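Heads up: the structure comes next, in structure tokens.
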Amino acid sequence: MTETSQWQHVASEDNPADLVSRGLEPSRLVNNELWWHGPSFIQSAIGSTPVRLNLHSSDVEYLEQETKTVMLVKEDSDFLGDILGISNCFDKIVRVLGFIFRFVSNCRGKKQQRVLHLGPLSTQELSNAKRHVVRLVQEVEFKEDLDVKVSSFTGHSKCKASNFKFSDRIL
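As numbered in full-length UniProt numbering, residues 1 to 171 make up the sequence shown, in order.
Laid out in structure tokens, this is it:
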């Protein structure tokens, strides 16, 4: 590796890569000395290189790494009401939620390692979205029942079935 103090600046007029960006036509590159051989100082001895900028490693300022604490504020909203505002058709709500979950899934992870899911929703995605819709409805309508343990229901429960299956917080 080299030290930064060993690097030198090449001015635009001496840089062959800048010829094209300055608008030189390809037909004129064929006879262009700078394009084929580079700046003249490259061919000469190291000591004869024109010095336009001389940096010493002691002159370089290093930025301090700064850590900042940020806060995320989550606004409570009526998510179920928002979803039901889209449509009152259960299948449509499930599909919309399925695509929302897919979008979030496609955005997560490192870009290089991400596997994008495209096309129609899979049965697994639809099933996951359906469970989520049912859970949302039950969290609103059966909040008291979900807050207590399964074995200790009170008499004022909205849930009419005495025996029910409780998994994934779904009655």
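Just so you know, even glycine gets a beta-carbon here, dropped at the ideal spot from N, CA and C. Computed from a predicted model, the values in this text were never measured in an experiment.
_On the DSSP letters alone, give me the boundaries of the alpha helix (DSSP H) that N31 sits inside._
Unbroken run through N31: none, as it is neither H nor E.
_Please report the distance separating the alpha-carbon of W36 from that of Q113._
41 Å
_Along the chain, where does the alpha helix (DSSP H) containing A17 start, and where does it finish?_
A17 to S21
*Which of helix, strand or coil does DSSP assign to N163?*
Confidence is the limiting factor: at N163 the pLDDT is only 48, short of 50, which leaves the residue's position unreliable and the question unanswerable from this model.
*Beta-carbon proximity list for N15, same chain, < 6 Å, skipping 5 on both sides*: none
*Can you find at least 3 beta carbon pairs, one from the region 116-127 and one from the region 72-89, that sit closer than 8 Å?*
no
*asked:* H132 and L80 - do their beta-carbons sit closer together than 8 Å?
replied: no
*Mind checking R22: buried by the 16 CB within 10 Å criterion, or exposed?*
exposed
*Count the other CB atoms within 10 Å of the CB of A129; is the residue buried (16 or more) or exposed (fewer)?*
buried
*Compute the minimum distance between the beta carbon of L136 and the heavy atoms of the ligand MN, and state whether it is under 7 Å.*
Although the ligand MN was asked about, the structure shown includes no ligands whatsoever.
*Among N31, K143 and L136, which has the Cα closest to the Cα of V94?*
L136
*Segments assigned alpha helix (DSSP H), at least 4 residues, entirely inside the region 67-102*: 79-86
*Put H117 into one of helix, strand or coil per three-state DSSP.*
coil
*Compute the distance between the beta-carbons of L121 and R102, then report whether it is under 8 Å.*
yes
*asked:* So for W7, helix, strand or coil by DSSP?
replied: coil
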